[in-house]
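The structure appears below as structure tokens.
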Amino acid sequence: LLAGANSRGLHNMGIDGNVNAQNAKALYILACDDELKNLDRYNASIVVLQASYLSPETEKADVILPSTIWAEKDGSITNIDGLVQKVVKTIDAPEGVQSNKVTMELLSSRLG
Numbered sequence: 004l005l006a007g008a009n010s011r012g013l014h015n016m017g018i019d020g021n022v023n024a025q026n027a028k029a030l031y032i033l034a035c036d037d038e039l040k041n042l043d044r045y046n047a048s049i050v051v052l053q054a055s056y057l058s059p060e061t062e063k064a065d066v067i068l069p070s071t072i073w074a075e076k077d078g079s080i081t082n083i084d085g086l087v088q089k090v091v092k093t094i095d096a097p098e099g100v101q102s103n104k105v106t107m108e109l110l111s112s113r114l115g
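Quick note: the sequence shown uses our numbering, first residue 4, plus one each step.
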């Protein structure tokens, strides 16, 4: 079994989590509500964290961007058996909280 939420889906897309970010100048961590282990070992001069909740992890970030929770977005998850399941939005996000996609599009358009 793969550890972590929706890790089976990441594995199916070829993302194994073994990213070498040791020399990254900046880290952008998306939808992170899990414990950030060993974040201090990276040499990044800036850490941007997009998360749904305030936590000890958000205290480690230089910039915090809001993220929608599972009930506020449409999409899919891959369950532990490898079956892709549709997720349907059931509530609206709070005012001012954009979807992860919109936040990244706005950020990338401003960064060029």
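Cβ coordinates follow ideal geometry from the N, Cα and C atoms, glycine included.
- The beta-bridge partner set that DSSP reports for residue 81 consists of 87.
- The beta-bridge partner set that DSSP reports for residue 69 consists of 54.
- Of all alpha-carbon atoms in 24, 69, 47, 62, the one lying nearest the alpha-carbon of residue 110 is that of 69.
- Relative to the Cα of residue 27, the nearest Cα in the group 74, 49, 113 belongs to 49.
- Within 10 angstroms of the beta-carbon of residue 64 lie 16 or more other beta-carbons, which makes it buried.
- With a cutoff of 9 Å on beta-carbon distance, residue 52 and residue 103 are scored as not near each other.
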